[in-house]
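Notes follow once the structure below has been shown.
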Amino acid sequence: MHTLENQRAVVTGGSRGLGLGIVEALVACKAEVVVVARDAGRLAEVKRRLGATVVAGDVTERATARAVLRELRPAVLILNAGAAPVMAPLHEQTWEGFSAIWNNDVKAGLHWIQEALRLPLPRNSRVLVSSSGAAVAGSPLSGGLAGAKRMLWLMAKYANGVAAELDLGIRFQALVPLQIIGETEHGRTAASAYARKKGVTAEAFLAGFGQPMAPRQVGDHVATILTDPRYESGTAFGLKGGTGIQELEG
5 MHTLENQRAV VTGGSRGLGL GIVEALVACK AEVVVVARDA GRLAEVKRRL GATVVAGDVT
65 ERATARAVLR ELRPAVLILN AGAAPVMAPL HEQTWEGFSA IWNNDVKAGL HWIQEALRLP
125 LPRNSRVLVS SSGAAVAGSP LSGGLAGAKR MLWLMAKYAN GVAAELDLGI RFQALVPLQI
185 IGETEHGRTA ASAYARKKGV TAEAFLAGFG QPMAPRQVGD HVATILTDPR YESGTAFGLK
245 GGTGIQELEG
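What follows is the structure in C-alpha coordinates.
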(Lines of atoms letter the chains of each structure in order from A and count residues from 1; the text may use other names and numbers.)
(Lines give C-alpha, C1' and ligand atoms only; values in the text may rest on other atoms or scores of the structure.)
Protein backbone atom coordinates (compact mmCIF):
# COMPACT_ATOMS: atom_id res chain seq x y z
CA MET A 1 0.00 0.00 0.00
CA HIS A 2 2.08 2.89 -1.30
CA THR A 3 -0.71 5.46 -1.28
CA LEU A 4 -3.76 6.03 0.89
CA GLU A 5 -5.62 7.95 -1.80
CA ASN A 6 -9.12 6.49 -2.24
CA GLN A 7 -8.37 3.72 0.26
CA ARG A 8 -11.16 3.13 2.77
CA ALA A 9 -9.95 3.48 6.36
CA VAL A 10 -12.01 2.89 9.50
CA VAL A 11 -10.77 4.56 12.71
CA THR A 12 -12.36 3.69 16.05
CA GLY A 13 -12.24 6.41 18.68
CA GLY A 14 -11.37 8.92 15.98
CA SER A 15 -13.40 11.86 17.27
CA ARG A 16 -10.78 13.20 19.70
CA GLY A 17 -7.21 12.86 20.98
CA LEU A 18 -4.79 10.62 19.12
CA GLY A 19 -7.59 9.15 17.07
CA LEU A 20 -8.53 12.57 15.74
CA GLY A 21 -4.90 13.26 14.86
CA ILE A 22 -4.85 10.01 12.89
CA VAL A 23 -8.08 10.92 11.11
CA GLU A 24 -6.67 14.33 10.16
CA ALA A 25 -3.56 12.73 8.68
CA LEU A 26 -5.49 10.11 6.71
CA VAL A 27 -7.89 12.72 5.33
CA ALA A 28 -4.88 14.81 4.25
CA CYS A 29 -3.64 11.71 2.38
CA LYS A 30 -7.02 11.60 0.57
CA ALA A 31 -8.14 8.37 2.19
CA GLU A 32 -11.86 7.62 2.46
CA VAL A 33 -12.11 7.84 6.25
CA VAL A 34 -14.91 6.46 8.43
CA VAL A 35 -14.87 7.37 12.14
CA VAL A 36 -16.60 5.15 14.70
CA ALA A 37 -17.16 6.58 18.19
CA ARG A 38 -19.84 7.09 20.85
CA ASP A 39 -20.09 10.89 21.07
CA ALA A 40 -22.54 12.12 18.41
CA GLY A 41 -21.60 15.76 19.01
CA ARG A 42 -17.89 15.18 18.47
CA LEU A 43 -18.65 13.02 15.42
CA ALA A 44 -20.74 15.80 13.90
CA GLU A 45 -17.81 18.19 14.29
CA VAL A 46 -15.41 15.70 12.65
CA LYS A 47 -17.81 15.32 9.74
CA ARG A 48 -18.24 19.10 9.39
CA ARG A 49 -14.56 19.97 9.64
CA LEU A 50 -12.90 17.05 7.85
CA GLY A 51 -15.61 15.60 5.65
CA ALA A 52 -15.18 12.13 7.10
CA THR A 53 -18.04 9.64 7.23
CA VAL A 54 -19.12 9.01 10.83
CA VAL A 55 -20.80 6.12 12.62
CA ALA A 56 -22.14 6.50 16.16
CA GLY A 57 -21.75 3.28 18.11
CA ASP A 58 -20.20 1.47 21.05
CA VAL A 59 -16.94 -0.01 19.80
CA THR A 60 -16.89 -2.55 22.64
CA GLU A 61 -19.99 -4.22 21.18
CA ARG A 62 -19.26 -7.09 18.81
CA ALA A 63 -22.35 -6.23 16.77
CA THR A 64 -20.89 -2.79 15.99
CA ALA A 65 -17.62 -4.29 14.77
CA ARG A 66 -19.39 -6.92 12.69
CA ALA A 67 -21.81 -4.48 11.06
CA VAL A 68 -19.20 -1.83 10.22
CA LEU A 69 -16.65 -4.26 8.79
CA ARG A 70 -19.19 -6.24 6.78
CA GLU A 71 -20.65 -3.12 5.24
CA LEU A 72 -17.42 -1.23 4.57
CA ARG A 73 -14.70 -3.90 4.17
CA PRO A 74 -11.92 -1.34 4.71
CA ALA A 75 -8.36 -1.68 3.45
CA VAL A 76 -7.19 -0.02 6.69
CA LEU A 77 -8.59 -0.56 10.19
CA ILE A 78 -7.17 1.47 13.07
CA LEU A 79 -8.28 0.42 16.54
CA ASN A 80 -7.66 3.46 18.68
CA ALA A 81 -10.64 3.79 21.04
CA GLY A 82 -9.53 3.88 24.66
CA ALA A 83 -10.93 4.57 28.11
CA ALA A 84 -9.32 6.93 30.59
CA PRO A 85 -7.51 4.99 33.34
CA VAL A 86 -8.18 5.72 37.00
CA MET A 87 -5.04 7.53 38.18
CA ALA A 88 -4.11 6.22 41.64
CA PRO A 89 -1.40 4.06 43.23
CA LEU A 90 -2.01 0.33 43.40
CA HIS A 91 -3.21 0.25 47.01
CA GLU A 92 -5.89 2.86 46.29
CA GLN A 93 -7.31 1.19 43.17
CA THR A 94 -10.69 -0.52 43.10
CA TRP A 95 -11.17 -3.54 40.87
CA GLU A 96 -13.66 -1.56 38.77
CA GLY A 97 -11.14 1.19 38.14
CA PHE A 98 -8.20 -1.17 37.72
CA SER A 99 -10.00 -3.28 35.12
CA ALA A 100 -11.62 -0.43 33.16
CA ILE A 101 -9.04 -0.53 30.35
CA TRP A 102 -9.46 -4.28 30.02
CA ASN A 103 -13.23 -3.97 29.82
CA ASN A 104 -13.01 -1.24 27.19
CA ASP A 105 -9.78 -1.23 25.16
CA VAL A 106 -9.02 -4.95 25.27
CA LYS A 107 -12.65 -6.00 24.83
CA ALA A 108 -13.04 -3.72 21.81
CA GLY A 109 -9.71 -4.88 20.39
CA LEU A 110 -10.69 -8.52 20.72
CA HIS A 111 -14.04 -8.08 18.98
CA TRP A 112 -12.70 -6.01 16.07
CA ILE A 113 -9.67 -8.25 15.52
CA GLN A 114 -11.83 -11.36 15.61
CA GLU A 115 -14.32 -9.90 13.14
CA ALA A 116 -11.50 -8.78 10.83
CA LEU A 117 -10.26 -12.37 10.75
CA ARG A 118 -13.67 -14.01 10.51
CA LEU A 119 -15.02 -11.82 7.69
CA PRO A 120 -12.17 -11.64 6.56
CA LEU A 121 -10.99 -8.18 5.55
CA PRO A 122 -9.65 -7.86 1.98
CA ARG A 123 -6.31 -9.39 1.20
CA ASN A 124 -3.38 -6.98 1.82
CA SER A 125 -5.42 -4.96 4.33
CA ARG A 126 -3.74 -3.53 7.42
CA VAL A 127 -5.02 -3.46 11.00
CA LEU A 128 -3.21 -1.11 13.40
CA VAL A 129 -3.87 -1.58 17.12
CA SER A 130 -3.11 1.24 19.56
CA SER A 131 -0.93 0.12 22.46
CA SER A 132 1.17 2.32 24.77
CA GLY A 133 4.67 2.85 26.08
CA ALA A 134 3.23 1.57 29.36
CA ALA A 135 3.33 -1.87 27.73
CA VAL A 136 7.14 -1.54 27.76
CA ALA A 137 7.93 0.36 30.95
CA GLY A 138 4.83 -0.03 33.11
CA SER A 139 2.60 2.70 34.54
CA PRO A 140 2.25 2.42 38.33
CA LEU A 141 -0.46 5.08 38.66
CA SER A 142 -2.67 3.77 35.84
CA GLY A 143 -4.17 0.61 37.30
CA GLY A 144 -4.40 -2.18 34.74
CA LEU A 145 -3.41 -0.02 31.76
CA ALA A 146 0.10 -1.41 31.25
CA GLY A 147 -1.06 -5.01 31.17
CA ALA A 148 -4.02 -4.18 28.95
CA LYS A 149 -1.87 -2.33 26.43
CA ARG A 150 0.64 -5.18 26.39
CA MET A 151 -2.24 -7.56 25.75
CA LEU A 152 -3.33 -5.51 22.74
CA TRP A 153 0.22 -5.72 21.38
CA LEU A 154 0.21 -9.48 21.91
CA MET A 155 -3.20 -9.77 20.26
CA ALA A 156 -1.81 -8.14 17.11
CA LYS A 157 0.97 -10.74 17.14
CA TYR A 158 -1.46 -13.60 17.72
CA ALA A 159 -3.70 -12.32 14.90
CA ASN A 160 -0.76 -12.38 12.50
CA GLY A 161 -0.30 -16.04 13.35
CA VAL A 162 -3.95 -16.79 12.58
CA ALA A 163 -3.85 -14.75 9.36
CA ALA A 164 -0.77 -16.69 8.22
CA GLU A 165 -2.31 -20.08 9.07
CA LEU A 166 -5.48 -19.21 7.13
CA ASP A 167 -3.57 -17.49 4.29
CA LEU A 168 -5.66 -14.32 4.64
CA GLY A 169 -2.98 -11.80 3.65
CA ILE A 170 -3.94 -9.40 6.46
CA ARG A 171 -1.23 -7.68 8.53
CA PHE A 172 -1.83 -6.69 12.17
CA GLN A 173 0.53 -4.17 13.81
CA ALA A 174 0.74 -2.43 17.18
CA LEU A 175 1.29 1.31 17.57
CA VAL A 176 3.27 2.14 20.71
CA PRO A 177 3.61 5.85 21.61
CA LEU A 178 6.71 5.98 23.82
CA GLN A 179 5.79 9.18 25.64
CA ILE A 180 2.79 10.80 27.28
CA ILE A 181 1.15 13.17 24.82
CA GLY A 182 0.27 16.32 26.70
CA GLU A 183 -2.06 17.74 24.06
CA THR A 184 -4.68 15.06 24.73
CA GLU A 185 -7.10 14.98 27.64
CA HIS A 186 -5.85 11.57 28.80
CA GLY A 187 -2.25 12.71 28.45
CA ARG A 188 -2.77 15.86 30.51
CA THR A 189 -4.48 13.86 33.26
CA ALA A 190 -1.67 11.31 33.39
CA ALA A 191 1.06 13.96 33.27
CA SER A 192 -0.55 15.87 36.13
CA ALA A 193 -0.76 12.76 38.29
CA TYR A 194 2.87 11.78 37.76
CA ALA A 195 4.02 15.39 38.17
CA ARG A 196 2.31 15.61 41.57
CA LYS A 197 4.00 12.39 42.63
CA LYS A 198 7.40 13.76 41.63
CA GLY A 199 6.75 17.23 43.04
CA VAL A 200 7.21 19.02 39.72
CA THR A 201 4.95 20.81 37.27
CA ALA A 202 3.20 18.89 34.52
CA GLU A 203 5.24 20.87 31.98
CA ALA A 204 8.51 19.82 33.64
CA PHE A 205 7.40 16.20 33.74
CA LEU A 206 6.47 16.18 30.06
CA ALA A 207 9.77 17.84 29.17
CA GLY A 208 11.49 14.70 30.44
CA PHE A 209 10.30 12.85 27.35
CA GLY A 210 12.22 15.22 25.09
CA GLN A 211 10.58 16.69 22.02
CA PRO A 212 6.78 16.65 22.40
CA MET A 213 4.60 14.74 19.98
CA ALA A 214 1.25 16.19 18.91
CA PRO A 215 -1.71 13.99 17.92
CA ARG A 216 -1.37 15.06 14.29
CA GLN A 217 2.29 13.99 14.36
CA VAL A 218 1.14 10.58 15.56
CA GLY A 219 -1.25 10.55 12.62
CA ASP A 220 1.53 11.40 10.19
CA HIS A 221 3.60 8.52 11.58
CA VAL A 222 0.63 6.22 11.08
CA ALA A 223 0.31 7.33 7.46
CA THR A 224 4.02 6.61 6.98
CA ILE A 225 3.73 3.15 8.52
CA LEU A 226 0.88 2.38 6.12
CA THR A 227 2.63 3.60 2.97
CA ASP A 228 6.39 3.11 3.46
CA PRO A 229 7.58 -0.39 2.44
CA ARG A 230 10.01 -0.40 5.40
CA TYR A 231 7.06 -0.84 7.76
CA GLU A 232 5.04 -3.45 5.89
CA SER A 233 6.11 -6.47 7.91
CA GLY A 234 6.90 -5.34 11.47
CA THR A 235 4.61 -6.25 14.34
CA ALA A 236 5.10 -3.27 16.69
CA PHE A 237 6.35 0.27 16.15
CA GLY A 238 7.35 2.79 18.80
CA LEU A 239 6.52 6.45 18.12
CA LYS A 240 8.43 9.33 19.70
CA GLY A 241 8.57 13.06 19.05
CA GLY A 242 12.34 13.28 18.81
CA THR A 243 13.16 10.04 17.01
CA GLY A 244 10.09 9.22 14.93
CA ILE A 245 9.23 5.59 14.16
CA GLN A 246 11.18 2.74 15.74
CA GLU A 247 10.53 -0.94 15.08
CA LEU A 248 10.07 -2.67 18.43
CA GLU A 249 9.20 -6.13 17.14
CA GLY A 250 9.65 -7.58 13.67
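Residue 5 is where the sequence shown starts when you use the working numbering, and the numbers rise one by one after that. We put the CB at the ideal spot given by N, CA and C, even for glycine. These numbers come from a predicted model, not from an experiment.
Could you give the C-beta distance for R220 and E28, rounded to a whole number, given that I count them as a contact under 8 Å?
5 Å
CA nearest to the CA of K201, picked from M91, K153, P216, H115
Among M91, K153, P216, H115, the Cα nearest to that of K201 belongs to M91.
Please list the terminal residues of the continuous beta strand (DSSP E) segment that includes A40.
The amino acid occupying residue 40 in the given sequence is Val; Ala does not appear at that position. Residues 36–41.
With distances taken from CA atoms, which of L22, A167, K111 is nearest S129?
Closest option to S129, judged by alpha-carbon separation, among L22, A167, K111: A167.
Report the rounded CA-to-CA distance for V126 versus G173, giving the unit in angstroms.
Rather than Val, the amino acid found at residue 126 in this sequence is Pro. Distance between the alpha carbons of P126 and G173 is about 8 Å.
Counting Cβ pairs, one atom from each stretch, are 3 or more of them under 8 Å apart for the region 143–154 and the region 92–103?
These segments touch.
What number of angstroms, rounded off, separates the C-alpha of V37 from the C-alpha of E49?
14 Å
List the whole-angstrom C-beta distance separating L252 from A240, where the pair is believed to meet the contact cut-off of C-beta under 8 Å.
4 Å
Can you tell me whether DSSP reads A88 as helix, strand or coil?
coil
For Q250, does the count of other Cβ atoms within 10 angstroms reach 16, so buried, or fall short, so exposed?
exposed
Short of 6 Å in beta carbon distance, which residues of its chain neighbour A206, apart from the five on each side in sequence? Order them along the chain.
A195, S196, A199
Taking the continuous alpha helix (DSSP H) assigned at R74, which residues delimit it?
66–76
Per-residue DSSP class, three states only, for R130:
strand
Would you mind giving the Cβ-Cβ distance between T64 and K34, rounded to the nearest angstrom? I have them listed as a contact below 8 Å.
About 30 Å separates the two Cβ atoms, so there is no contact after all.
Apart from the five residues just before and just after K51, which ones in its own chain have a Cβ nearer than 7 Å to its Cβ?
V58
Pull up the CB-CB distance for L121 and L179, whole angstroms please, since I reckon it's below 8 Å.
With a Cβ gap of about 19 Å, L121 and L179 do not count as contacting.
In three-state terms, what does DSSP make of G21?
helix
So, are the CB atoms of A85 and A41 less than 8 Å apart?
yes
Whole-angstrom Cβ separation of V31 and G55, contact assumed at under 8 Å?
7 Å
Here's a check: name, in chain order, each residue in its chain whose Cβ is nearer than 7 Å to the Cβ of Q183, leaving out the five neighbours to either side.
G137, F213, M217, K244, G245
Within 10 Å of its beta-carbon, does T16 have 16 or more other beta-carbons around it, so buried, or fewer, so exposed?
buried
Can W116 and A69 be called in contact, C-beta distance under 8 Å?
yes
Have a look at M5, L8, R46 and flag the residue whose alpha-carbon is nearest the alpha-carbon of R20.
R46
Residue range of the beta strand (DSSP E) that includes T16:
12–16
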